[in-house]
Each structure stands twice: as C-alpha cells, then as structure tokens.
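**Student:**
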Amino acid sequence: MSGAFISFQDATKDYGSVRVVENLNLDIARGEFVSLLGPSGSGKTTLLMMLAGFESVSGGTITLDGKVINDLPTYKRDMGVVFQNYALFPHMTVARNVAFPLEMRGEAKAVTAAKVKKALDMVQLGQLADRLPGQLSGGQQQRVALARALVFEPRVVLMDEPLGALDKQLREQMQLDIRELHHRLGLTVIFVTHDQDEALTMSDRIAIFNHGKIQQCAAPREVYDHPANRFVAEFIGETNLLDCKVSENAGETFSVTLDDGSVVAAHGLPGLVAGDRALLSLRPERIEILPAETDATATGQNRLAGEILDTIYQGDHLRVVIETAVGQIIARTDRKAQEWPVRARVMLTFRAADGWVIAP
Ligand code: ADP
Ligand code: MG
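If you read the sequence shown in this note's numbering, its first letter stands for residue 67, the second for the next number, and so on.
#1: Taking its Cβ as the centre, do 16 or more other Cβ atoms sit within 10 Å of GLU359, making it buried, or is it exposed?
#2: Would you mind sorting ILE378 into buried or exposed? The rule is 16 or more other CB atoms within 10 Å of its CB.
#3: Give a single yes or no on whether LYS183 has its beta carbon closer than 7 Å to a heavy atom of ligand 1.
#4: On a Cα-Cα basis, can you pick out the residue from HIS292, THR254, GLY205 and ILE374 that is closest to ARG96?
#5: Does the contact criterion of 3 or more C-beta pairs under 8 Å hold for the segment 178-186 versus the segment 124-144?
#6: Would you say ARG398 and GLU354 are within 8 Å of each other, going by their C-beta atoms?
#7: With DSSP as the reference, label LYS184 as helix, strand or coil.
#8: At a cut-off of 7 Å, would you count LYS110 as near ligand 1, judging by its Cβ distance to the nearest heavy atom?
#9: Beta carbon of PHE320, beta carbon of VAL423: below 8 Å?
#10: Any heavy atom of ligand 1 closer than 7 Å to the CB of GLY119?
#11: Could you tell me the alpha carbon to alpha carbon distance between GLY278 and PRO286, rounded to whole angstroms?
#12: Under 8 Å, with one C-beta from each stretch per pair, do the segment 383-398 and the segment 302-312 reach the 3-pair mark?
#13: Would you mind sorting PRO407 into buried or exposed? The rule is 16 or more other CB atoms within 10 Å of its CB.
#14: Taking its Cβ as the centre, do 16 or more other Cβ atoms sit within 10 Å of GLN380, making it buried, or is it exposed?
#15: Please identify the residue among ALA331, LEU102 and GLY421 whose C-alpha is closest to the C-alpha of VAL258.
#16: Contact defined as beta carbons within less than 8 Å: I believe PHE74 pairs with ILE128. What is the distance between those atoms, to the nearest angstrom?
#17: For the beta strand (DSSP E) holding ASN91, just list the boundary residues, first then last.
#18: Between ASP233 and SER203, what straight-line distance do the alpha-carbon atoms span, to the nearest angstrom?
#19: Examine ligand 2 and report whether any of its heavy atoms sits within less than 7 Å of the Cβ of GLU227.
#20: Rounded to the nearest angstrom, how far is the Cβ of MET16 from that of ARG385, given a contact under 8 Å?
#21: Please look up how many angstroms separate the CB atoms of PHE149 and ASP226, rounded, as I've assumed it's under 8 Å.
#22: Rounded to the nearest angstrom, what separates PRO293 and GLN404 at their Cα positions?
#23: Would the C-beta of GLY104 count as close to ligand 1, meaning under 7 Å from any of its heavy atoms?
#24: On the DSSP bridge list, what partners appear for TRP422?
#25: For GLU219, which of GLY252, ASP243 and ALA231 has the nearest alpha-carbon?
#26: From GLY125 to PHE416, what distance separates their C-alpha atoms?
#27: Taking all protein chains shown into account, decide if ASP420 is buried (16 or more other Cβ within 10 angstroms of its Cβ) or exposed.
#28: Let me check understanding here. Comparing Cα to Cα, which of ILE244, ASP382 and VAL147 lies closest to PRO167?
#29: Locate the alpha helix (DSSP H) running through ARG296, then write down its first and last residues.
#30: Can you give the Cα-Cα distance for VAL86 and LYS79, rounded to whole angstroms?
#31: Who pairs with PRO357 in a beta bridge, going by DSSP?
#32: Within a Cβ cutoff of 6 Å, which residues of the same chain sit near THR390, ignoring the five residues on either side of it in sequence?
So this is what it looks like as structure tokens:
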C-alpha cells in the first residue's frame, strides 16, 4: 500500500471494446502540482473524470488518503473541478455561481456570503460579484470558475485545460496566478493540458500521456533533459534524433557510433547494451557551431562536420539548419551570435552530458 495522497493502481477505462486508459499507475503527494500532458484523445480528461467521479472505473483502483474511492459519489470526494468550457450558470450572477457548491452542501447563508467574498477577492473579482457571466471577458469567466472550484476549500483541485480558450497573454498571466494560488493555499492540483510550455511552467511533475498510458512522469527538467523514450523526446521541446549503435555503455556514459562511422560520447538510458540500435537525442540549444577549422583539442567535445543550409531569425534566437553526413541538424543560437553565411563549413560540438541515448 503506498503512502501517496492520491494513487491510481492499474486504473483502466473501457468504452465498450475500446480501452482508453490502460493499467495506469500514478502516485500524487499532498500539495503536489501534477500536469497530465499529451495529445488530443490520449485519455487525460477520462482519467481526470474517473478521479472526480464523473466516469466509472473499469478496472484497478483509485485511492484518496489511503481509502479506495472507486464507488464513492462525486460530491463526497471533496474535489474542486474546473472544466474546459468554464460551465458557469449563465442566468446566475458571479456571486451566485460561486455560492453554488456551498448551497449544495447546505452551508449557512452568512458563512456562504463570507466565503464567496473571500474566493472572489482571491481571484480579484470582488468588484464584479453582481454581473452575469455573459458580461465578463473569457479570462474573468475563467477566474469565476476557479473561485467556484476553490470556495469550499477542497482537498484537491482538478483542472481540465482551464486556459485553453484564452489568448496567449492572458493565459500566461493566469498560469502565474494559478501557480501562486497553489503555493499560497498548499493545494493539491491535477492539471490537464496539451500545451508543453504550460506544463513546464506550472508543474512539480509532468505525466506525459499517449494512447491511454503514461510514457513518463517526472519533474519538468527531467522529462526535458532525460526523456524516457522517443515519444517524450519529440513531444517536449524540439530535438534532433540521430540513428546510432551503442558501442559501449559504462553506467550513465555511452559511446555510440553514428551512421557515418563517427563515435560520440553521450549519456543515456540504462538498459541499452553494446550492439543495440539506438537514437541519439540532441537538443538544438545544446549544440555549438564553430568554424570548421577549429582545433579538435581546443573543444574536447563531440564533433560533427557540417555545412550551413539556412539561418532563420526568430526574435529571441536564431534557428540554424546544418547539413551533416548523418542528416540535417537544427541548432539554436543566441540572437547576438554570429550569423553564418549559407554554405559556410562548420564544426558542430556538444558535451557528452548534452546528448541523450534512447531506444529507437
Ligand atoms: P484527451 O482528454 O486526452 O483529449 P479523452 O480522455 O477525452 O482524451 O478521450 C480519450 C479517448 O476516449 C478518445 O479516443 C475519445 O474518443 C474516447 N472517449 C472519451 N469519452 C468517451 C465516451 N463517453 N464514449 C466513448 N469514447 C469516449
Ligand atoms: Mg480532454
């Protein structure tokens, strides 16, 4: 029995003959902020709704604070839910919308009024208590939904793509607001998103979904630097994936042979052994571009010869496309870095710790 606050053990969901969540195991600690990140249709909403009690569990167990809650009615789970489309009551004022969960619980009028005021102040909507949802902007409606999910001081807050409908600037502001609320109130939050930047910004840990399974669940830095497989490497951030063969694996440090015969040192997943086919993942910003004639001993790093194909100005950085003997490679350089002319012959270098070897 795990000591986790929320625990999924082999949780499974079938719709008819289709399995949309498959033997999923995930432990969440009290006060943790965990994002569920993955492409559309990967089972994120379904898992959240199983936890909230809006969807039944086909197999396995879900526990909250050590007790199995598979069959516990929704209202007894004490979870605040923010749905993707806000789901506010259009004919009720902001204050009545926020009061609703308290009225459902039979809270006294005076207590309700005080809690509603506090919740609205928390999301900075105290001034708009008497408006109808239709008289608010998208961001304000979203904050009402947040106040309604928090007003009854739930143990857990579940949010399903709560910022999906907002424009970029407002979305980024709300990300910081939710982060701050999470810290200040010590909430346990499970947050669904398909936006990797949002997940990286908000989370203590990110659970990356594909086809109803968690591909990896770890801190943002870990999933970015040490992806567990190809799906994660490609889903989070941008990466170059080079075919290679493991020549040697001494613990964390690998020596791999690329398809042009060159040998590079990199870190990688345990479990791969000499002779295995593999992929070397190289993040664009970890690659340094040097003049072709740079002395090998001056770098002491992995080296790949190449030729500049294109340089694209992206505002805060330059995106450089380089042709090499092992295919095209994308690098990212500082916007103030030297701009390489097309066809310039260059030497790409990267440290062993910045290359990551995964199974193909
Ligand atoms: P996500 O939130 O990651 O986009 P969902 O959890 O909504 O994914 O859906 C996962 C899969 O389950 C999808 O293939 C979807 O079509 C299917 N699905 C979701 N709800 C139902 C339902 N009520 N009946 C049948 N299939 C469903
Ligand atoms: Mg969804």
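Where is the CB? At the ideal position from N, CA and C, for every residue including glycine.
**Tutor:** Quick look at the numbers:
#1: Mapped onto the sequence shown, residue 359 falls at position 293. So GLU359 ends up on the exposed side.
#2: Numbered from its first residue, the sequence shown carries residue 378 at position 312. Exposed, because fewer than 16 other Cβ atoms sit within 10 Å of the Cβ of ILE378.
#3: What you label residue 183 is simply residue 117 of the sequence shown in a count that begins at 1. False, no ligand heavy atom lies under 7 Å from that Cβ.
#4: As a position in the sequence shown, residue 96 is number 30, starting the count at 1. Checked all of HIS292, THR254, GLY205 and ILE374; the closest Cα to ARG96 is THR254.
#5: no
#6: Residue mapping note: residue 398 aligns to position 332 of the sequence shown, counting from 1. Residue mapping note: residue 354 aligns to position 288 of the sequence shown, counting from 1. No, Cβ-Cβ distance for ARG398 and GLU354 is not below 8 Å.
#7: Looking up residue 184 in the sequence shown gives position 118. Correct three-state label for LYS184: helix.
#8: Locating residue 110 in the sequence shown gives position 44, where the first residue counts as 1. Flag set: Cβ of LYS110 near ligand 1.
#9: On the sequence shown, position 254 is the one that residue 320 refers to. On the sequence shown, position 357 is the one that residue 423 refers to. Yes, these two residues count as a Cβ contact at 8 Å.
#10: As a first step, residue 119 is located in the sequence shown; it is residue number 53 there, counting from the start. Answer for GLY119: no, Cβ out of range of ligand 1.
#11: If you number the sequence shown from 1, residue 278 lands on position 212. If you number the sequence shown from 1, residue 286 lands on position 220. So the two alpha carbons sit approximately 20 Å from each other.
#12: yes
#13: Walking along the sequence shown from the start, residue 407 turns up at place 341. Exposed: under 16 other Cβ atoms inside 10 Å.
#14: What you label residue 380 is simply residue 314 of the sequence shown in a count that begins at 1. So GLN380 counts as exposed.
#15: In the sequence shown, counting from the first residue as 1, residue 258 sits at position 192. Checked all of ALA331, LEU102 and GLY421; the closest Cα to VAL258 is LEU102.
#16: Walking along the sequence shown from the start, residue 74 turns up at place 8. Walking along the sequence shown from the start, residue 128 turns up at place 62. Rounded, the Cβ-Cβ distance is 6 Å, consistent with contact.
#17: Taking the first residue of the sequence shown as 1, we reach residue 91 at position 25. Note, ASN91: beta strand (DSSP E), 84-94.
#18: Reading the sequence shown from its first residue, position 167 is the one you call residue 233. Reading the sequence shown from its first residue, position 137 is the one you call residue 203. So the alpha carbons of these two residues sit roughly 11 Å apart.
#19: Along the sequence shown, read from residue 1 onward, the residue named residue 227 stands at position 161. Within the cutoff, so yes.
#20: Any property of residue 16 remains undetermined from this structure, which presents the chain solely from 67 to 426.
#21: Along the sequence shown, read from residue 1 onward, the residue named residue 149 stands at position 83. Along the sequence shown, read from residue 1 onward, the residue named residue 226 stands at position 160. 6 Å between Cβ atoms; contact.
#22: Here residue 293 is taken as the residue at index 227 of the sequence shown, counted from 1. Here residue 404 is taken as the residue at index 338 of the sequence shown, counted from 1. Each residue's alpha carbon lies about 31 Å from the other.
#23: Along the sequence shown, one-based indexing puts residue 104 at 38. Yes; taking the cut-off as 7 Å, the Cβ of GLY104 has a heavy atom of ligand 1 nearer than that.
#24: If you number the sequence shown from 1, residue 422 lands on position 356. Per DSSP, HIS333 and SER347.
#25: Counted from its first residue, the sequence shown places residue 219 at position 153. Nearest option by C-alpha distance: GLY252.
#26: Translated into the one-based positions of the sequence shown, residue 125 becomes position 59. Translated into the one-based positions of the sequence shown, residue 416 becomes position 350. The straight-line gap from Cα to Cα measures roughly 46 Å.
#27: One-based indexing of the sequence shown puts residue 420 at position 354. Its Cβ being crowded by 16 or more others within 10 Å, ASP420 is buried.
#28: Within the sequence shown, the letter at position 101 stands for residue 167. Considering only alpha carbons, the answer is VAL147.
#29: Taking the sequence shown and counting its residues from 1, one reaches residue 296 at position 230. ARG296 -> alpha helix (DSSP H) spans 296-301.
#30: To locate residue 86, count along the sequence shown from 1; it is residue 20. To locate residue 79, count along the sequence shown from 1; it is residue 13. Answer to the nearest angstrom: the Cα atoms are 6 Å apart.
#31: Residue 357 sits at position 291 when you count from the first residue of the sequence shown. Answer by DSSP bridge pairing, in chain order: VAL412.
#32: Stepping through the sequence shown from its first residue, residue 390 is reached at position 324. Result list for THR390: LEU370 and GLY372, in chain order.
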